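First comes the structure, then the notes that go with it.
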Amino acid sequence: MERIMDHLAHERSKAQFSVEEMKIIWAGSLHAFQVSDRIARLVASDPGFRKDNRAVLSRKELFKSALRKAAYVWKRINELALSEEEASWLRFYVDELAYAYIHWGMFVPAIKGSATEEQQQKWLPLANNMQIIGTYAQTELGHGSNVRGLETTATFDQETDEFIIHSPTLTSSKWWPGGLGKVATHAVVYARLITDGQDYGVHGFLVQIRSLDDHFPLPGVTVGDIGMKFGSGAFNSIDNGFLRFNHVRIPRNQMLMKVSRVTRQGKYVESNVPKQLLYGAMVYVRQIIVADASIALSRAVCIATRYSAVRRQFGPPHEDENGKGVETQVIDYKTQQSRLFPLLASAYAFRFVGEWLKWLYTDLIQKLEANDFSTLPEAHACTAGLKSLTTSAAADGIKECWKLCGGHGYLSSSGLPELYAAFVPACTYEGDNIVLLLQVSRFLMKTISQLQTGKKPIGTTAYMAHVEHLIQCRCTVQKAEDWLNPSVILEAFEARAIRLSVACAENLTKFATPLQGFSELSPDLVEAAVAHCQLIVVSKFIEKLQQNIEGNGVKQQLETLCNIYCLNLIHKHLGDFLSTGSISPKQASLASDQLRSRYSKLRSNVIALVDAFNYTDHFLGSVLGRYDGNVYPKLYEEAWKDPLNDSIVPDGYHEYIQPLLKQQLQNARL
Ligand SMILES: CCCCCCCCCC/C=C\C/C=C/C(=O)SCCNC(=O)CCNC(=O)[C@H](O)C(C)(C)COP(=O)(O)OP(=O)(O)OC[C@H]1O[C@@H](n2cnc3c(N)ncnc32)[C@H](O)[C@@H]1OP(=O)(O)O
Ligand SMILES: Cc1cc2nc3c(=O)[nH]c(=O)nc-3n(C[C@H](O)[C@H](O)[C@H](O)COP(=O)(O)OP(=O)(O)OC[C@H]3O[C@@H](n4cnc5c(N)ncnc54)[C@H](O)[C@@H]3O)c2cc1C
1 MERIMDHLAH
11 ERSKAQFSVE
21 EMKIIWAGSL
31 HAFQVSDRIA
41 RLVASDPGFR
51 KDNRAVLSRK
61 ELFKSALRKA
71 AYVWKRINEL
81 ALSEEEASWL
91 RFYVDELAYA
101 YIHWGMFVPA
111 IKGSATEEQQ
121 QKWLPLANNM
131 QIIGTYAQTE
141 LGHGSNVRGL
151 ETTATFDQET
161 DEFIIHSPTL
171 TSSKWWPGGL
181 GKVATHAVVY
191 ARLITDGQDY
201 GVHGFLVQIR
211 SLDDHFPLPG
221 VTVGDIGMKF
231 GSGAFNSIDN
241 GFLRFNHVRI
251 PRNQMLMKVS
261 RVTRQGKYVE
271 SNVPKQLLYG
281 AMVYVRQIIV
291 ADASIALSRA
301 VCIATRYSAV
311 RRQFGPPHED
321 ENGKGVETQV
331 IDYKTQQSRL
341 FPLLASAYAF
351 RFVGEWLKWL
361 YTDLIQKLEA
371 NDFSTLPEAH
381 ACTAGLKSLT
391 TSAAADGIKE
401 CWKLCGGHGY
411 LSSSGLPELY
421 AAFVPACTYE
431 GDNIVLLLQV
441 SRFLMKTISQ
451 LQTGKKPIGT
461 TAYMAHVEHL
471 IQCRCTVQKA
481 EDWLNPSVIL
491 EAFEARAIRL
501 SVACAENLTK
511 FATPLQGFSE
521 LSPDLVEAAV
531 AHCQLIVVSK
541 FIEKLQQNIE
551 GNGVKQQLET
561 LCNIYCLNLI
571 HKHLGDFLST
581 GSISPKQASL
591 ASDQLRSRYS
601 KLRSNVIALV
611 DAFNYTDHFL
621 GSVLGRYDGN
631 VYPKLYEEAW
641 KDPLNDSIVP
651 DGYHEYIQPL
661 LKQQLQNARL
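Straight run, no breaks: the sequence shown in UniProt numbering ends on number 670.
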């Protein structure tokens, strides 16, 4: 036991940089670090936030426990008079999915984004004080991705000045909204607006669904939970629900009227803001999900890295720091490094691109407030594309981390199965990842077609202005060290991205209609979108390194991580880079040489690099990822806690085992 604890301490002593400074870089600022650190410790030390029993709770117990925690969170926020920033850290570290995520993450943003000032003044104080609890009811049984295909209707009745909300078919039943099944009192419901017999398409409406007195559904409302979801714990603590309306009436002024409104006379009037602002809550949440992806991936990487340093298998006996003969740490196997270190690098890369995306979103909101809508299409493409790219990579990465931990990774107590089950739906919710990449490719094709009209591409598409150069340029790498030059890397990624996009644009012209072309070429368009999004991540990592980064050795570690992130992408997508002629086979081989050498350079720093995430053992929720590396005794201790070990002879022995054994005995005697 002592040896294992010493072992991680020895790993930490090998770090070549200041972990404390890296913690600040990871958090984003000294202030963010201090607040998050304080709240993380507060949560970890409060038995009310215990979560180690989650895997063995029944659905009902789990749900009730999540309700209890959500209420306790609210109580602590008020008792401690926490600021909005502190409150969101508290919810984050409690790490239990509940209705509050949708209330704060979608219901409130939908009101802020789509309601008029007057409507906000009425509804936001109620929502902010949790006097009403809201959900975001968009998806239906029959349609999720195709929002324009939603079937719920909101028909204006001029006589009573009301909308009649109705579910005309089974497939129009709302299906999936979080917090809807058993908790929400109100919902932002997306429905087809019909007035004067004309269908004006999907709009948002604020609808009360449960009584504020006894919590019963209001007349005409049928509501319930959609059932158990993948994995134990995970999303089963939340009540994703179904909802049907039978001619439910709401006042006209509960239509969210920032984008368009219906007058007392039933006239549909558009405002001067783009209709896409109706989807504003999705842009907001997608940007948060990118930050979530870096957190989910970094948790898994932290667990797998610490455990890989503790775990030993095979190998010629080495001498440890105390001169004792020991087997090889699995982290020293090159295959383990080539699977794990790119994930560590990705966690950092996603953190920085998430930080940048947050800035982009804040900038968008400021512009929208000044009636400048010019950056909305790019913000939509960036949030959609990066949400897709980072969640797919993080979900795959978490699964890889569990395999990197061998058999013990499959145990609930490793924390990895639940982390995977809780995160993998991020590839689907807030937009299916493929559907979102197709949105990016549509944006790219539009940008390319506008190049011919002389329109200058801006922001993340600015590189497209150099299309002629990027189509012809040749990668200059001659030796492995040349791959350490950021401008060489950037140009290779730009060349690959633009060549894939231009090839798609050219191929599209060969089809009878753009629609037919888009459909036929959609796999290629998705690849072009991935290449563009990877370029964004690469360029934001490189930009981060150009900032003033303080702290002993910190910048060098980030440079190594950035090199690993980029070179590993080249390695994984070699087909693209070679087929577009962005690099040559010889240069690809030099990239692999450089990648191997970066792994060796990173090796002695990896434990400190995961320590820099500053995750408490409570938040990690993993025996394998414990800070002290004391894995084996704790695994043994955890095993004893399983309810099956409550009795020596199991329940069911007398009914099912004993008769069997006795029967065999009788048979044997015969
Ligand atoms: C404690 C608090 C913490 C908060 C934590 C939050 C994390 C919460 C985690 C909780 C877990 C789960 C919550 C999940 C919620 C949901 O899933 S809600 C439902 C989400 N649904 C979707 O994402 C549906 C995906 N589909 C779509 O987005 C669109 O319908 C799609 C764009 C795919 C449709 O395509 P079209 O029909 O072709 O497009 P159309 O609607 O006609 O649009 C035309 C035009 O508008 C552009 N566009 C589309 N979307 C947007 C947007 N969001 N913003 C800006 N612009 C947009 C589109 O590109 C077109 O542009 P163009 O110029 O005409 O090409
Ligand atoms: C855990 C969870 C929580 C959720 N929470 C909410 C919530 O709070 N509120 C809410 O309103 N919704 C919620 N949803 C619903 C979610 O937003 C939708 O499931 C999601 O948008 C995907 O839509 P879909 O289910 O219709 O998938 P589909 O579109 O039916 O996807 C099925 C397959 O078809 C493919 N596909 C679809 N369209 C295309 C296309 N045009 N081109 C190529 N391929 C295509 C997809 O890639 C996918 O492989 C939640 C979902 C989950 C899993």
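Built from N, CA and C at the ideal position, the CB exists for glycine as well. Every value quoted in this text rests on a predicted model; they were computed, and no experiment measured them.
Have a look at the DSSP bridge pairing and note the partners of residue i.
| i | result |
| --- | --- |
| glutamate 418 | DSSP, once it has assigned bridges, lists no residue as partnering glutamate 418. |
| tyrosine 632 | DSSP output for tyrosine 632 lists no bridge partner at all. |
| aspartate 225 | Gly241 |
| valine 207 | Ala187 |
| glutamine 198 | Thr195 |
| valine 538 | DSSP, once it has assigned bridges, lists no residue as partnering valine 538. |
| proline 251 | Glu162 |
| proline 217 | Arg210 |
| serine 260 | Glu270 |
| tyrosine 463 | The partner list for tyrosine 463 (beta bridge, DSSP) is empty, contrary to what the question assumes. |
Taking 8 Å as the cut-off, decide whether the C-beta atoms of residue i and residue j are in contact.
| i | j | result |
| --- | --- | --- |
| glutamate 430 | isoleucine 209 | no |
| lysine 555 | isoleucine 564 | no |
| valine 537 | isoleucine 489 | no |
| leucine 180 | valine 147 | no |
| phenylalanine 63 | serine 298 | no |
| valine 202 | valine 189 | no |
| phenylalanine 341 | leucine 661 | no |
| leucine 569 | tyrosine 307 | no |
| leucine 535 | leucine 545 | no |
| alanine 98 | isoleucine 238 | yes |
| leucine 8 | isoleucine 542 | no |
| glutamate 418 | serine 232 | yes |
| isoleucine 111 | glutamine 121 | no |
| aspartate 95 | phenylalanine 423 | no |
| leucine 389 | valine 526 | no |
| tyrosine 348 | leucine 561 | yes |
| isoleucine 295 | alanine 309 | no |
| alanine 304 | cysteine 401 | yes |
| leucine 277 | valine 262 | no |
| glutamate 140 | lysine 174 | yes |
Here's the rule: buried if 16 or more other CB atoms are within 10 angstroms of the residue's CB, otherwise exposed. What is residue i?
| i | result |
| --- | --- |
| tyrosine 615 | buried |
| serine 412 | buried |
| isoleucine 4 | Below a pLDDT of 50, predicted positions are generally treated as unreliable, and isoleucine 4, at 42, falls in that range; the measurement from the model is reported next regardless. Buried. |
| lysine 456 | exposed |
| leucine 404 | buried |
| threonine 580 | buried |
| phenylalanine 115 | The sequence shown places alanine at residue 115, not phenylalanine. Buried, because 16 or more other Cβ atoms sit within 10 Å of the Cβ of alanine 115. |
| tryptophan 640 | exposed |
| glutamate 2 | With a pLDDT of only 42 at glutamate 2, under the threshold of 50, the placement of this residue in the model should not be trusted, and no figure is reported. |
| methionine 228 | exposed |
| asparagine 128 | exposed |
| serine 83 | exposed |
| arginine 264 | exposed |
| tyrosine 656 | exposed |
| glutamine 547 | exposed |
| serine 604 | exposed |
| threonine 362 | exposed |
| arginine 312 | buried |
| isoleucine 471 | exposed |
| lysine 14 | exposed |
On a Cα-Cα basis, can you pick out the residue from the options that is closest to residue i?
| i | options | result |
| --- | --- | --- |
| isoleucine 164 | Gln120, Glu96, Leu212, His247 | His247 |
| aspartate 225 | Gly231, Leu218, Phe235 | Phe235 |
| histidine 380 | Phe443, Lys324, Arg351, Tyr333 | Phe443 |
| glycine 517 | Asn485, Ser441, Gln120 | Ser441 |
| leucine 90 | Glu321, Ala497, Ser65, Phe49 | Phe49 |
| aspartate 396 | Leu437, Ser346, Lys358 | Ser346 |
| isoleucine 102 | Glu117, Asn240, Asn53 | Asn240 |
| serine 582 | Glu491, Thr391, Leu508 | Glu491 |
| isoleucine 39 | Leu80, Ala71, Ser65 | Leu80 |
| lysine 634 | Ser36, His408, Val19 | His408 |
Could you tell me whether the Cβ of residue i comes closer than 8 Å to any Cβ of chain D?
| i | result |
| --- | --- |
| valine 330 | Checking the listed chains, one finds no chain D in this structure; it contains a single protein chain. |
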